[in-house]
Every structure is written in structure tokens, then in C-alpha cells.
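Trainee: Below you will find the structure I want to go over with you.
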Amino acid sequence: MTSDSHVDGNALGGVLMEVFGREMTGARGRCASCGSVGPIGAMLVYRSAGDVMRCPTCGNVVVVVATIHERTRVHLAGMTWPETNQ
Amino acid sequence: MAGTAVLRRLTWAIAEVVDRVGETPRVQSLTFDVPDWPGHLPGQHIDVRLTAEDGYRAQRSYSIATPADGTRVTITVERLEDGEVSSYLTDVLEISDRVELRGPIGGYFVWEPARGGPLGLIGGGSGVAPLMAMLRARVGAGSAVPVRMLCSWRMAEDVIYAAELAAIASEGDGISITHTLTRSAPEGWSGRRGRFDREALSQLTWPPAMEPLTYVCGPTGFVEVVASVLVELGHEPRRILTERFGPTGG
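Written as C-alpha cells, this is what we have:
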């Protein structure tokens, strides 16, 4: 979990902005597993062929992002109630 | 500015290299002129994309090292031995060359003088870059927010922004800057030696009771250690903002 391989949710700011059309790292989301709420920028991101975002509290997979042939897909695997500031 | 940044679509722009400064033998600061740049906040980053003739693309994120300055954006790039993007940026790219970039990106790891302090900035290696944007914004705005900046380097030759940091530190003005060298230190080195461990961090960071706002950026292992020690020392986790850039930067 706390290996040297992860970065912060900040790292997905660009790709999430592509999909949602707005800045998302300051947006808060709730982990569907443990219920903790925090900004996407503070979640943990494990980068590989796709990007896996995990809850910093319990390690649950909250978001998966995959880009294949210039098409990006986001799976809100374990994040509920993402909210943004106007 | 923040409002327009939120509503703007993120698109790739063609940016021209207008300045380049060698910070160390392995690190360069590159300044781009980006048409229609909307401005940015200290701590935000850009994505840089390179496309080879055969269509192969590589993309990396780089923190912006300067506060908003019209259409100018400066990043600081460390050349990594196996870094296909960083080696191109530091070794091949010349003034008036063009690259694709997009940004500004990020709304979490950002600071501007209105956010107040006291401000703690703790950087490892080229992780100092986004913290430098914050420090430069603080100095440029004539803000009174007190700052304690801690920079960790392997060797004296690795120190980036050395002259500017020395000048800011000598002004005093509520800003203190501490350097530490983790591998070897030359004779006459006046800074610290060794890693920022629990003892060093408890001496050098703001007391938790002052409710400081602390930004930590560097390689993942560095950020992990510093952030967890800060929490142990009693800092409020929500006021510790981190940016890990992995084992390497790419």
C-alpha cells in the first residue's frame, strides 16, 4: 500500500479535467468502503497501464482511469457522492 | 482567475521555448510562451506531450515553478537517465522550439497569499519547484505570511535556485530557509547534514499549535516519511498537502 510507486490524486488532474471538463483535484469524494471523505487530490494513485486511485484511509479502489487509443474512460469504482465547489 | 480556470476546457496548446536556465548539470528551467494562457496558481502543474514522427506519444506532468506572469510559464526539469521526455526537454529542446502542453492543472496542492499561514514548505530535490512558485508568489506579493522552507538535496551540486534562495533568505522578512544534504557535504557547508528526520522536523517546522499550512513535495518515499512524521508531531492532517512524484519523475 505505501510502496514507493504511488503518487497523489493531483497527478490525474489533467485526465480528469478532460473527462469532467473542469478542475477535479479539489473536489471531494466519499469512499464507498470506509466512508471517509476527502479531496481527490489527496487520494493515492498507482500508475500502470491504467491509473488506480485508492482511498488513503482504507486502500479501497475508488476510481480507475484508462486511456486507450486516445479515448479515456473513468470508472468510479468505489467513490460515492463526488462533489464540486461552484 | 480561479473561476475562469475552473470553467475553461483543457486543451493542448503549442508553446514556444523562450528561455532556458541551467540550474545544475542535470536540471534546467525552461520558460515557455503559451498563447492564451489563462494564468495559474502556485502549485499547479502542466502536462507536456511529445509526438515522434511515427506518431508515438509520451506525456509527463511538470510543476510550474513561477507565479502567474502573463503568458509565460516556467518549469524545472531534472534529466533522468531513462527519462524519454526529460532528456528531450533538457538536451534537445532549444530556444524557439515548440512543444505541446496543457494546463494549468490542479486545485488541491495550491497556495496563494490569501490562504495565509504560517506556511511550511518542505521539498526533496526537484520537488522544490512548486514550492518555489509559492515562495516567489509570497515574495512578489509583499505578503507578510511567515514561511519556513526546508529543502533536502543529496549533494551541494544538486541545489537548484541556489542564488535566489540565498538572496531571499538573507532578506529575512519572515522567511527562513534551511538546506540539508543527505549524502555528502563539502567542507565549509553551513547547512544541515542528513535526512529530515523526526528530530529535525520537530525543530525546524512550525509548532503544530500555530496551525501551520504545510506543503510537502518530492519523491514518494521522501513525502511519505515527512508527512507521517508531521502527523506524529501533532500537525493537523488536513493542513498537510502533499505532492508525490513517484520514484522518478519521468
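Here the protein sequences line up with chains A and B, keeping their order. According to the working numbering, the first sequence is numbered sequentially starting from 1. According to the working numbering, the second sequence is numbered sequentially starting from 1. Note that beta-carbon positions come from the ideal geometry of N, C-alpha and C, so glycine has one too. The structure presented is a predicted model; accordingly, all values stated were derived computationally and were not measured.
Anyone know if the C-beta pair for B/R102 and B/D36 falls short of 8 Å?
Mentor: In this structure, B/D36 does not lie closer than 8 Å to B/R102 by Cβ.
Trainee: Using a Cβ-Cβ cut-off of 7 Å (strictly less than) and excluding sequence neighbours within five positions of B/G22, which residues of its own chain qualify?
Mentor: Correct list, in chain order: Q28.
Trainee: For the segment 51–63 of chain A against the segment 30–43 of chain A, are there 3 or more C-beta pairs whose distance is under 8 Å?
Mentor: Touching, yes.
Trainee: Near B/A58, which residues of its chain fall below 6 Å by C-beta distance, leaving aside the five closest residues on each side in sequence?
Mentor: L50, E84, V85, listed in sequence order.
Trainee: Jot down the residue ranges of each uninterrupted alpha helix (DSSP H) in the segment 152–191 of chain B, minimum 4 residues, whole runs only, in chain order.
Mentor: Whole alpha helix (DSSP H) segments, 4+ residues: 162–171.
Trainee: Compare the C-alpha of A/H6 against each of A/V65, A/V64, A/Y46 and name the closest.
Mentor: The candidate whose alpha carbon is nearest that of A/H6 is A/Y46.
Trainee: Got a sec: which bits of the segment 84–105 of chain B sit with their beta carbon under 8 Å from any beta carbon on chain A, in order along the chain?
Mentor: If the cut-off is 8 Å between Cβ atoms, the segment 84–105 of chain B has R102, G103, I105 near chain A.
Trainee: So, at 7 Å on beta carbons, what are the nonlocal neighbours of B/V139 in its own chain, with the 5 sequence-adjacent residues on each side left out?
Mentor: So the list reads I168, once near-sequence residues are dropped.
Trainee: Flag this pair as yes or no: are the beta carbons of A/P82 and B/Y108 separated by less than 8 Å?
Mentor: It is not a contact, given that the beta carbons lie outside the stated cut-off.
Trainee: Taking the runs of the beta strand (DSSP E) that are 3 residues or longer, which of them lie wholly in the segment 80–115 of chain B?
Mentor: Here the runs fully enclosed are 98–105.
Trainee: Is B/G55 helix, strand or coil when you go by DSSP?
Mentor: Reduced to three states, the DSSP call for B/G55 is coil.
Trainee: Around the Cβ of B/I122, are there at least 16 other Cβ atoms within 10 angstroms (buried) or fewer (exposed)?
Mentor: Under this definition B/I122 is a buried residue.
Trainee: Counting contacts by CB-CB distance shorter than 8 Å, is B/V6 in contact with chain A?
Mentor: Only weak support is given to the placement of B/V6: the predicted model assigns it a pLDDT of 48, under 50, and the question is left unresolved by the model.
Trainee: Sort B/T180, B/E224, B/F196 by Cα distance to B/W189 and report the nearest one.
Mentor: Ranking the options by Cα distance to B/W189, first place goes to B/T180.
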